[in-house]
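Comments concern the structure below.
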Amino acid sequence: MCNFFDAEYLLEPENYHYTLKTLPYPVFPQNLPPVPERSDIIIKTDDPVPCDGIWEPVKILYNHKFLVIKDGISGFKNLGAYNYFIRGMTAPRQVYYDVLMESDKEMLITDDPIRYRDVHWRLVWEDTRYCDGIIPDESEYFLDDAPGERITCRTGEQCPYSGH
Numbered sequence: 029m030c031n032f033f034d035a036e037y038l039l040e041p042e043n044y045h046y047t048l049k050t051l052p053y054p055v056f057p058q059n060l061p062p063v064p065e066r067s068d069i070i071i072k073t074d075d076p077v078p079c080d081g082i083w084e085p086v087k088i089l090y091n092h093k094f095l096v097i098k099d100g101i102s103g104f105k106n107l108g109a110y111n112y113f114i115r116g117m118t119a120p121r122q123v124y125y126d127v128l129m130e131s132d133k134e135m136l137i138t139d140d141p142i143r144y145r146d147v148h149w150r151l152v153w154e155d156t157r158y159c160d161g162i163i164p165d166e167s168e169y170f171l172d173d174a175p176g177e178r179i180t181c182r183t184g185e186q187c188p189y190s191g192h
């Protein structure tokens, strides 16, 4: 489950120190493509996905006339992490984590906090990278995966190296 609400957290080098290890800092490309224009393609749970891309679970906010008649969309409220969908699949229900559950009288702490709900999905970015059959070189985005010393230890033996 993703608990990041701000990408700035990922840019802080001190956040890559974990217990006794330092995790590799991400390598960002020199030139990033422009942010895509907002899409008005919206589907709901159980609809077929019309194109490959990144989809955002949203609640549609409506304008209202006389407080009850819906009169156009006023905006969207993000309901969680973005998802990559493939054209032709069925838009899923959203899985979310809810520790508290309301009853008529009180808030209850549940044993099973995983919940599912029908949502609308808004297309954030359509993936057209592979439509022409050419796979671009994206190796500059990968972290350096130079192999380190291989450490082995038999079952039941104490590992001779700390931090593993």
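Note that the numbering used here gives residue 154 to position 126 of the sequence shown, counting from 1, and the numbers run on in steps of one. Yeah, the Cβ is synthetic: ideal placement off N, Cα and C, and Gly gets one too.
Could you please give me the residues that DSSP links to threonine 118 through a beta bridge? In DSSP, threonine 118 forms a bridge with Pro76.
Hey, how far is the Cα of tyrosine 144 from the Cα of tyrosine 125? Rounded to whole angstroms, tyrosine 144 to tyrosine 125 spans 9 Å at the Cα level.
Given this structure, state the Cα-to-Cα distance separating glutamate 154 from glutamine 186, to the nearest angstrom. Going by the C-alpha atoms only, they are around 50 Å apart.
Distance between beta carbons of valine 86 and histidine 148, contact taken as under 8 Å: Correct: roughly 5 Å between the Cβ atoms.
Take the Cβ of glutamate 36 as the centre, count every other Cβ of all protein chains shown within 10 Å, and call the residue buried at 16 or more, exposed below. Glutamate 36 comes out exposed.
Whether glutamate 65 touches valine 152 by CB criterion (7 Å): In this structure, valine 152 does not lie closer than 7 Å to glutamate 65 by Cβ.
Around the Cβ of aspartate 68, are there at least 16 other Cβ atoms within 10 angstroms (buried) or fewer (exposed)? Flag for aspartate 68 reads exposed.
Output the distance between the C-alpha atoms of proline 141 and valine 77, rounded to the nearest integer angstrom. So the two alpha carbons sit approximately 28 Å from each other.
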